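Written out below as structure tokens is the structure these notes cover.
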Amino acid sequence: MTAASDPRLIVPLDVPTVAEARALVDRLGEAVSFYKVGLQLFASGGMELARALKGEGKQVFLDWKLHDIGATVEKAAAALAVAGCDLLTVHGEPQVMKAAVRGRKAAGDEGLNILAVTVMTSLTDADLDEMGYAMGVEALVERRIRQALACGCDGVVASPHEAAMARALAREAGRLDFLVVTPGVRPDWAGKDDQARAATPAEALAAGASHIVCGRPITAAADPRAAAERIVAEIAGV
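All the letters of the sequence shown, read from the start, carry residue numbers 435 to 672 under our numbering.
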């Protein structure tokens, strides 16, 4: 991290190739110190990129949303725990969350924080109804936050609109260190894209987010570094 960056800002490297990701990191320079490596890079050198970024002093969020039987998730989390990264997502189902926590502990590395994905920020109440859920977004997010806390997860991924609830439930459980990572963050000067439950960076942090994930307003900008610096300036006082 440098003085120009803010570790609460996470920029996703959602590009097709490692070469494009490296070019984006170079363009952002000292303005960004925390990167998300997601599924788009998963099969094209994403893990090698993650290790390289850690070697350069960056923080890395492995947004791979593990979702499988418990034994498989446990082994995957154990393998990833020794890679030195900072955050790993798993789906917010009790069997999955418990397995990931066991795997991380079995590897003997407490540095990897397990985040449970509550409800994808592109989903609405109508989408959940279509999927067969008998509850709306807010009720399902609350249930999964409570389960994540009970399962020993280090935090959750939730939209900015549920950040305050996540923070309140964490305090209620005595988990003041609980992480609340919010995607769906869009500055006033950017479009919402496909995020159904978006908020500005300052709003998300004020509501209780520990970290914000902001992608296209930065990565699709004519000057990504200037866009990142603009967001860093916006959150400096929060």
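Each residue gets a CB set at the ideal place from its N, CA and C atoms; glycine is no exception. Note that the structure is a prediction, hence the values are computed from the model and not measured.
Setting aside the 5 residues that flank it on each side, A600 is surrounded in the same chain by I579, V590, A592, V614 and G642, each with a C-beta closer than 7 Å to its C-beta; the list follows chain order. V471 places its beta carbon 8 Å or farther from that of A457.
Counting C-beta pairs with one atom in each stretch, the stretch 541-550 and the stretch 559-573 have fewer than three that are closer than 8 Å, which means they do not touch. In the DSSP assignment, L500 falls within the beta strand (DSSP E) that extends over Q493 to L500. Contact check for D448 and Q474: beta-carbon distance about 5 Å, within the 8 Å limit, so the pair qualifies. When secondary structure is reduced to three states using DSSP, P446 falls in the strand class.
Nearest in C-alpha terms to L639, of all of G649, V619 and A656, is V619. Separation of the CB atoms of L562 and V571 is rounded to 6 Å, and the pair is thereby assigned contact status at 8 Å. Taking G518 as the centre and dropping the five residues before and after it, the same chain places the C-beta of K488 closer than 6 Å to its C-beta, in chain order. Spatial neighbours of V666 in its own chain (CB-CB distance under 8 Å, excluding positions within 5 residues in sequence) are listed in chain order as A438, S439, D440, L443 and A465. Between V494 and D520, the CB-CB gap stays under 8 Å.
Under the DSSP assignment, L522 falls outside any alpha helix (DSSP H), being part of the beta strand (DSSP E) whose first and last residues are L521 to H525. For T653, the enclosing alpha helix (DSSP H) stretches over residues R650 to T653.
Sequence-distant partners of G479 (beyond 5 residues in either direction) whose C-beta falls short of 6 Å from its own C-beta, in its chain, are V452. If you check the CB distance, Q529 and G504 come in under 8 Å. In this structure, DSSP gives V666 a helical state, which the three-state scheme calls helix. Here T616 is bridged, per DSSP, to I646.
Scanning its chain for C-beta atoms nearer than 7 Å, with the 5 sequence neighbours on each side dropped, one finds around R536 the residues E508, in chain order. For T555, the closest C-alpha among the options T616, H525, W498 and V672 is that of T616. Residues R659 of the same chain have their beta carbon placed closer than 7 Å to that of G463, with the five preceding and five following residues left out of the count. Note on the stretch 529-562: whole beta strand (DSSP E) runs with a minimum of 3 residues are 547-551, in chain order. Taken in chain order, the unbroken stretches of beta strand (DSSP E) that lie wholly in the stretch 453-485 and span 3 residues or more are 468-472. The three-state reading of DSSP puts G518 in coil, since its state is none of H, G, I, E or B. Counting every other CB atom within 10 Å of its CB across the protein chains shown gives P446 a total of 16 or more, marking it as buried.
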